[in-house]
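Note sheet for the following structure.
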Amino acid sequence: MRGDAGQPFAALGLTLLCLWPIGIEHFVPLIVLPVYVFVFKKTRGTPACQIHVAGSAPVYLLALFLGFVVISSAQVTQSVRLMTYTRDLMAWICATALFAHFYAHYQTYRLVDGVRPLAIAFWVIVASCAFYIVIGSIQFPSLGYLAAPDFIKTSMTGARFLLKDFGEQLYFYGFTDRVSSFFGSPIHLACVLFLLLPFALHDRQSTVGRVIVYGAALTVVFFAQARVALVLMALYPLLVGMRRAAVAPTFSPASLLAVTVIVVVCAVAILLFSQSGVAFAKEAFLERRSGSVEARTMIYTQSLEWIKQRPFWGYGTQIDVAGLEYPLGSHSTPIGLAFKYGLIACLGMMGFLMSSYVVVIQVFRRERAREASLFYGCLLSSFTCYYALITVNEFVVDLYHHLVLFAVLGALWGTRRQTCVAHDRPRATAACAIGE
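At position 121 of the sequence shown (counting the first as 1) the number is 161 in my numbering, and the numbers step up by one without a gap.
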């Protein structure tokens, strides 16, 4: 493992942590990329930008998507939503540039070689959640809040992004606090954990260490009350086994079937013979959040109706409608992308995200080391859980896991190209390029 392979991720993480107390990480996300590239150049002694992406299918998809994002700006008619559109546009540009930058340096490092900084980020998030449980909510004004005019300070958007708070006050099973961290709402917290979990697991070599990592993630998701995330986290070990069985010919299908049967039998037994289990499931997944389910159903239904009226260009941003708890185009990444930027843009972005499955499988099959193979199996499982979460939430709302995702994907596509060259060097031609 190269000793400096994780420096790009470390520089990215430090940049985000430095921007957070200033309060400008959401409003001026383009600051992230220049600072990151500057640190990368100083620490690695390499050119700041080497974007050789000609013929790259994912970059073409991103360019198509950004084109529709810009075109949709003409549809933004509510002045109050102009700030939201600008924030989203800068976030998309920054994320795309990060993807291209990480992909461009594919000859310098592999994704599996940059584990330690992202594993540290995982424990920083867990520690922030533990701090919130023990100490409670702490709110303080960022530097951006202190410098902002009064009309921004008193607005909902200004208070949300410039006033820094470790969590929100909600009731849950006797606890007065719903655990969160400085990385956003509970569902966004769960998204970050799923993205970083493979790196934290790979950083621990012992079984006990990996059990501790998984237990920490499961505990945080439980106290965050992220219902879908809790179910996915509980199924995570089984998903890892299924993904490994799907791409590893040496893994016995009978073993996977046996594990699946055992899990199903245990789940049914608990449900049938444990009254407390039934009560917990009913409370956690039905009664406590029934209002949330009804609100989301109304949003999805009306958003789809609006999409039919403007299917190609979208509305540029979310739209507030009287009588709805949340704006149209919110709480779902596929529906939100189609609502804001049109169906073509939505298909382009979702195609870009889903193509990572193929890349992980390709890298998975070429890895000879058992530990690296397990890492990519966990990564594929994390992508499964992450994409399941963003179907009922928006990932562009939270800058942190948005940028981490695109940085990881850039390094992943670069790793795919690197392993392709390494294993097929005698035949390493243009056919080895991304997208072919």
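Ideal Cβ placement from N, Cα and C applies to all residues, glycine included.
Predicted model only: the values in this text are computed from it and were never measured.
Taking a cut-off of 8 Å for Cβ pairs, the segment 341 to 349 and the segment 357 to 377 touch, as three or more such pairs fall below it. Taking 4 residues as the minimum length, the alpha helix (DSSP H) runs contained wholly in the segment 231 to 289 are 247 to 263, 267 to 274, 276 to 287, in order along the chain. For F379, the closest C-alpha among the options Y427, Y355, L258, L387 is that of Y355. Straight-line spacing of the CA atoms in A170 and V398 works out to 36 Å.
For I133, the enclosing alpha helix (DSSP H) covers residues 122 to 144. A contact between stretches requires three or more CB pairs, one per stretch, nearer than 8 Å, and the segment 234 to 245 meets this requirement with the segment 420 to 428. As a beta-bridge residue in DSSP terms, I359 pairs with L368. Here the segment 124 to 141 does not lie against the segment 424 to 434, with fewer than 3 beta-carbon pairs under 8 Å apart. Here A412 carries a helix assignment [DSSP, helix/strand/coil]. Taken through DSSP and simplified to helix, strand or coil, A385 comes out as helix. Leaving aside the five residues that flank Q402 on each side, the residues in its chain whose CB is nearer than 7 Å to its CB run, in chain order, R456.
Setting aside the 5 residues that flank it on each side, R121 is surrounded in the same chain by T357, each with a C-beta closer than 6 Å to its C-beta; the list follows chain order. Residues A135, L138, F139 of the same chain have their beta carbon placed closer than 6 Å to that of F446, with the five preceding and five following residues left out of the count. Cβ-Cβ separation between S112 and Y381: approximately 5 Å, consistent with a contact (criterion under 8 Å).
One Cα belongs to F108, the other to M394, and the distance between them is close to 19 Å.
Taken through DSSP and simplified to helix, strand or coil, T194 comes out as coil. Of all alpha-carbon atoms in L377, V361, E334, R336, the one lying nearest the alpha-carbon of R350 is that of L377. For M282, the closest alpha carbon among the candidates L414, P157, V99, L104 is that of L414. Here E345 carries a helix assignment [DSSP, helix/strand/coil]. Within its own chain, the residues whose Cβ lies closer than 6 Å to the Cβ of C425, once the five positions on either side in sequence are excluded, are F234, L272, listed in chain order.
Only residues of its own chain outside the window of five on either side were considered, and among them P226, I227, A230 have a CB closer than 6 Å to the CB of A266, listed in chain order. The residue among A256, F49, L101 with its C-alpha nearest the C-alpha of V166 is A256. When the Cα atoms are used, R336 and C386 turn out to be separated by approximately 20 Å. Taking P374 as the centre and dropping the five residues before and after it, the same chain places the C-beta of C386, M390, T431 closer than 7 Å to its C-beta, in chain order. One Cα belongs to F105, the other to F142, and the distance between them is close to 19 Å. Around the Cβ of E334, a 10 Å sphere holds fewer than 16 other Cβ atoms; the residue is exposed. Distance between A269 and I339, taken at the CA atoms: about 21 Å. In the DSSP assignment, P98 falls within the unbroken alpha helix (DSSP H) covering 97 to 111. The shortest C-alpha to C-alpha distance from R244 to any of I359, Y100, L151, A159 is the one to A159. Separation of the CB atoms of G249 and P157 is rounded to 18 Å, and the pair is thereby denied contact status at 8 Å. A residue is called buried when at least 16 other Cβ atoms come within 10 angstroms of its Cβ; L102 meets this threshold and is buried. In the same chain as A451, and ignoring 5 residues on each side of it, the C-beta atoms closer than 7 Å to its own belong to F142, L151, G154, in chain order.
By the CB criterion at 8 Å, G454 and H145 fall inside the cutoff. A114 sits exposed, since fewer than 16 C-beta atoms from the chains shown fall within 10 Å of its C-beta.
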